[in-house]
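Undergrad: Numbering (this note's numbering), first residue to last: 11 to 177. Mind looking over this structure? Questions follow.
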């Protein structure tokens with residue numbers, strides 16, 4: 011556990027409930043369908059977002075077609091050429107924020123947490139309420155969450171939400 015990515019999970023800029031979901035995901039205990047099946051629940055294991063692959067934490071948060079489109083939007087916006095690691099833990103270990111101004115570093119630092127929190131909630135809305143969201147709506151929701159988190163730290167002082175939406 012010495013290389014467990016604690017610093018990228020437990021972070022003062024991320025709400026503790028979000029960190030808890032990341033922690034459970036990294037430990038392989040978030041209740042995705044594969045985990046529920048291992049615990050004795052019998053169900054068809056299919057990702058609620060893409061409806062194509064089996065639902066695992068790594069699939070849902072990294073490799074699902076829906077999630078991949080969201081990741082791509084932000085990675086392209088950052089100007090990053092990123093090959094998605096196989097696992098959530100590998101992603102957290104590899105996610106280093108070293109360049110950019112304060113606002114850019116903040117957004118880069120919190121994007122995995124915000125993205126996975128929103129994806130988990132969208133997955134649950136689809137699974138339990140039958141409600142789906144478009145990629146565009148998820149991207150706006152992510153930006154709003156990041157802006158809100160940043161506003162709690164004054165990182166976005168003299169910056170408007172509209173500026174984040176169009177960038």
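Even for Gly, the Cβ is constructed at its ideal location relative to N, Cα and C.
(1) Which of helix, strand or coil does DSSP assign to residue 39?
(2) Would you check if the distance between the CB atom of residue 145 and the CB atom of residue 79 is smaller than 8 Å?
(3) For the alpha helix (DSSP H) containing residue 179, list its first residue and its last residue.
(4) Rounding to the nearest angstrom, what Cα-Cα distance links residue 134 and residue 77 in this structure?
(5) At the level of alpha carbons, what is the spacing between residue 31 and residue 69?
(6) I want to know whether the stretch 109-117 touches the stretch 53-71 - three or more CB-CB distances under 8 Å.
(7) Near residue 94, which residues of its chain fall below 8 Å by C-beta distance, leaving aside the five closest residues on each side in sequence?
TA: A quick look at the data gives this:
(1) Position 29 of the chain shown, counted from the first residue, corresponds to residue 39. Note: residue 39 maps to coil in three-state DSSP.
(2) On the chain shown, residue 145 is found 135 positions in, with the first residue counted as 1. On the chain shown, residue 79 is found 69 positions in, with the first residue counted as 1. Yes; because the gap between Cβ atoms is below 8 Å, this pair is in contact.
(3) For the chain, the structure presents residues 11 to 177; residue 179 sits outside this window and is missing.
(4) As a first step, residue 134 is located in the chain shown; it is residue number 124 there, counting from the start. As a first step, residue 77 is located in the chain shown; it is residue number 67 there, counting from the start. Going by the C-alpha atoms only, they are around 14 Å apart.
(5) Locating residue 31 in the chain shown gives position 21, where the first residue counts as 1. Locating residue 69 in the chain shown gives position 59, where the first residue counts as 1. In this structure, the CA atom of residue 31 is about 15 Å from the CA atom of residue 69.
(6) The stretch 109-117 makes no contact with the stretch 53-71: fewer than 3 CB pairs, one atom from each, lie closer than 8 Å.
(7) Locating residue 94 in the chain shown gives position 84, where the first residue counts as 1. Exclusion of the five residues before and after residue 94 leaves 72, 73, 78, 81, 101 as the residues of its chain whose Cβ lies within less than 8 Å of its Cβ.
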